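Notes follow the structure.
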Amino acid sequence: MKAIKSLYFVGFVILLLLVNSTNASAGVIGKGRAEIFNNNSGSARKQAIQNALRDAVEQGVGVFIDSKTKVKNWAVIRDEVFSSSRGFVKKYSILKDEQQNNAWYIEIDAEISKGDIKNKLEELRILHKKMGNKRIMVTYLKEHPDSLGEKHNAVLTALTFIPSEFNRSGFRVFDQRSMGYISDKMSPSGAKKEQWMKIADEHQVDALVEFELLPGKKRPFSNSMYTAAKITIRMKVYDISTGRLFSNVQSNQKQMTNARVGSFDWENALSKAAERAGISATKETVDNIIEHYKTVGDIGNSYLLIFQNFVEDEEDMILEVLEGLDGFQSLSELQNVPKLLKIEYFSNVEKSRLRRKIRLACKAQKVKLKTKEISGNRLIFVKP
85 MKAIKSLYFV GFVILLLLVN STNASAGVIG KGRAEIFNNN SGSARKQAIQ
135 NALRDAVEQG VGVFIDSKTK VKNWAVIRDE VFSSSRGFVK KYSILKDEQQ
185 NNAWYIEIDA EISKGDIKNK LEELRILHKK MGNKRIMVTY LKEHPDSLGE
235 KHNAVLTALT FIPSEFNRSG FRVFDQRSMG YISDKMSPSG AKKEQWMKIA
285 DEHQVDALVE FELLPGKKRP FSNSMYTAAK ITIRMKVYDI STGRLFSNVQ
335 SNQKQMTNAR VGSFDWENAL SKAAERAGIS ATKETVDNII EHYKTVGDIG
385 NSYLLIFQNF VEDEEDMILE VLEGLDGFQS LSELQNVPKL LKIEYFSNVE
435 KSRLRRKIRL ACKAQKVKLK TKEISGNRLI FVKP
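One rule links them: number in my numbering = place in the sequence shown (from 1) + 84.
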């Protein structure tokens with residue numbers, strides 16, 4: 085009996101070692117070098133250690149992705165993985181620590197958390213694999229009467245940092261200079277959401293991001309000469325193919341100042357608050373999109389399918405056909421009124437194949453239809 089217990093114990097220890105070995109990688113040699121400036125060898129040594137940690141983590145990244153994938157996603161990996169290298173190193177020992185000519189050289193033996201690296205890479209791939217590196221358009225849309233004008237410095241500041249944050253997260257952002265050119269050609273009263281949706285569709289954009297900034301009231305703090313310049317940002321995301329609201333977030337930020345309202349320093353404080361609000365709202369928006377795609381699963385494409393002039397029995401048959409097609413993920417009826425059926429349809433089939441599949445499957449069920457329009461991810465079918 086004792087022998088059996090001993091065998092169980094030995095097996096349990098071996099299992100633990102195997103689990104740990106799959107998550108951690110000991111013996112990764114990281115090398116780092118940093119130039120010595122102004123005889124500051126201490127600063128150079130710290131930087132050399134950071135470079136050695138990054139080198140070790142870079143080797144850990146190489147276990148999961150090839151060099152081509154790494155180059156393609158370099159900006160995201162650099163900012164999200166390499167910038168926090170220490171977080172992926174469980175422990176390390178220094179093998180070499182010396183000055184070499186005008187540089188400091190460090191060599192470490194590091195234990196890398198491969199599991200954490202893999203989890204991070206999988207998280208980052210959500211945006212590329214499941215969302216297909218979507219193209220978005222960022223615009224300022226003044227809806228509330230108290231929101232700032234589109235030429236306000238705080239708005240211009242937000243328009244600098246918001247697209248940058250989306251880029252960091254793997255999105256392709258429509259060029260802001262082109263946005264300015266489009267905006268200047270619009271009416272003095274500014275464009276409505278519907279106009280921007282149409283423009284986005286014409287430029288093959290997948291999602292429209294609109295935001296507005298509302299300044300807070302100046303309220304002095306008790307027994308203090310300082311006040312807070314407050315900014316509230318409201319950010320919405322619409323799917324261009326369906327027009328559905330995709331995400332809706334709000335962020336409130338403030339910047340302490342002793343400046344009077346309307347002064348240069350006060351406006352500068354509003355701009356700093358707008359910068360933080362824009363980054364905060366964008367990060368939350370990205371998280372919402374990630375969670376959405378986790379919920380709906382590995383969806384290849386989202387389509388807006390419109391069927392016109394069909395009677396109720398034909399519409400029911402069309403819905404059955406759509407649910408039975410290869411690649412079907414999910415659908416929801418956006419509008420169902422007499423002779424008009426609008427559907428948001430998720431499928432991993434490409435548009436041209438999906439159109440043919442719908443036409444042939446409906447024909448097999450004796451429901452005649454023909455394609456009226458193909459625009460972006462919108463397909464319109466009519467009864468001949």
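Just so it is clear, CB atoms sit at the ideal spot from N, CA and C, and this is done for glycine as well. Just so you know, these numbers come straight off a predicted model, no measurement behind them.
DSSP three-state assignment for residue i, whether helix, strand or coil
i: I220; result: strand
i: N420; result: strand
i: F250; result: helix
i: I120; result: coil
i: T106; result: Per-residue confidence for T106 stands at a pLDDT of 42, beneath the threshold of 50, marking its modelled position as unreliable; the derived number appears in the next sentence. In the structure shown, T106 sits in a helix (DSSP, three-state: H, G or I).
i: I133; result: helix
i: F166; result: helix
i: K213; result: Low confidence applies to K213: its pLDDT is 48, below 50, so where it sits in the model is not reliable, and the reading given next is rough at best. Helix, per DSSP.
i: D382; result: With a pLDDT of 47 at D382, under the threshold of 50, the modelled position of this residue cannot be trusted; read the value that follows with caution. Residue state, collapsed to three classes: coil.
i: V451; result: coil
i: I458; result: strand
i: L354; result: helix
i: F245; result: helix
i: K426; result: strand
i: R344; result: coil
i: G411; result: coil
i: S127; result: helix
i: S231; result: coil
Segment limits, alpha helix (DSSP H) that includes residue i
i: I178; result: Per DSSP, I178 belongs to no alpha helix (DSSP H); it is in the beta strand (DSSP E), 173–184.
i: L444; result: 435–448
i: I402; result: 396–408
i: V470; result: Only positions 85 to 468 of the chain appear in the structure, and residue 470 is not among them; the question remains open.
CB contact flag (residue i, residue j, <8 Å)
i: R439; j: L409; result: no
i: F250; j: V239; result: no
i: Q334; j: A313; result: no
i: G254; j: V160; result: yes
Best match in the options for proximity to residue i [C-alpha to C-alpha]
i: K198; options: G146, Y310, K452; result: G146
i: S431; options: P422, C446, Q413, R437; result: Q413
i: L354; options: D397, P422, T316; result: T316
i: K202; options: I149, R129, G126, K447; result: I149
i: K356; options: L243, L415, D181; result: L243
i: D397; options: L389, Y189, V421; result: V421
i: T369; options: K154, V345, E294; result: E294
i: Y310; options: D349, N385, E278, D181; result: D349
i: E351; options: M281, H236, S248; result: H236
Span of the beta strand (DSSP E) around residue i
i: A187; result: 187–197
i: L388; result: 385–392
(request) List in chain order: all unbroken alpha helix (DSSP H) runs of 4+ residues lying wholly within the stretch 276–336. (result) 277–286
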